[in-house]
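Visitor: Under my numbering, the letters of the sequence shown match residues 171 to 346, in that order. All C-beta atoms, glycine included, are put in the ideal place defined by N, C-alpha and C. Predicted, not measured: the structure shown is a model, and the values here were computed from it.
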Amino acid sequence: MALINYITQVQFDFGALALLQQECDRIGIRKPLIVTDMGIRNAGILDKVVAQLKDGAQVAVFDQTPPNPNETAVRAAVKLFRDSACDGIIAVGGGSSIDLAKGVAVCGTHEGTLKSFALIEGGLANITAKTAPVIAIPTTAGTGSEVGRGAILILDDGRKVGVLSPYLVPRLAICD
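(1) Using a threshold of 8 Å, state whether the C-beta atoms of Leu338 and Gln179 are closer than that.
(2) Using a Cβ distance threshold of 8 Å, determine whether the stretch 243–250 contacts the stretch 212–229, with at least three qualifying pairs required.
(3) Please classify Phe182 as buried or exposed, where buried requires at least 16 neighbouring CB atoms within 10 angstroms.
(4) Given Thr301, which residues of its chain have a CB within under 8 Å of its CB, disregarding the five upstream and five downstream residues?
(5) Does the stretch 285–292 come within contact of the stretch 259–269, defined as at least 3 CB pairs closer than 8 Å?
(6) Could you pull the DSSP bridge partners for Asn238 from this structure?
(7) By DSSP, does Val248 sit in helix, in strand, or in coil?
So this is what it looks like as structure tokens:
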């Protein structure tokens, strides 16, 4: 198995998904929110991810990630994150799911609207170390969101903004 140490630790190999529970334990995620989309659910990938978690039945799942993640989806996922008392996020999918997970990691642990964390609004200073940890399980190649420090999200007013912070870098990427 290839272990790549970068700012984000990357587990890269066939079967790397089997390390998910061990990595959740290492990072301190005991009650994850899985952020994904219906395509991942329908393809059976979500079931494979949940099967790797010892308390799979206790996992909260948000599978309504839109192709372009927006503030409405962030709010809905944050509600599930808080209502389920989650302490970390597992993003499964492409850049949209990973970016949405980053939005939830910030908005689920800080007070304020998504706009208050947008870089163009001075939001960098508002994002702190209490941001929830993210594990990224990318299913596509291209965006690099699984190792990036930012997320692109659409506000309710239609503006596409960047949310940027070193606290948004996923702790781990599992590339299986």
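Guide: Put simply:
(1) Leu338 is not a Cβ neighbour of Gln179, given a cutoff of 8 Å.
(2) The count of Cβ pairs closer than 8 Å, one atom from the stretch 243–250 and one from the stretch 212–229, stays below three, leaving the stretches out of contact.
(3) It is exposed - the Cβ of Phe182 has fewer than 16 other Cβ atoms within 10 Å.
(4) Closer than 8 Å at Cβ, skipping near neighbours: Ala275, Val276, Thr279, His280, Ser335, Tyr337 and Leu338.
(5) Of all C-beta pairs linking the stretch 285–292 to the stretch 259–269, fewer than three are shorter than 8 Å, placing the two stretches out of contact.
(6) Asn238 pairs with nothing; no bridge assigned.
(7) Note: Val248 maps to helix in three-state DSSP.
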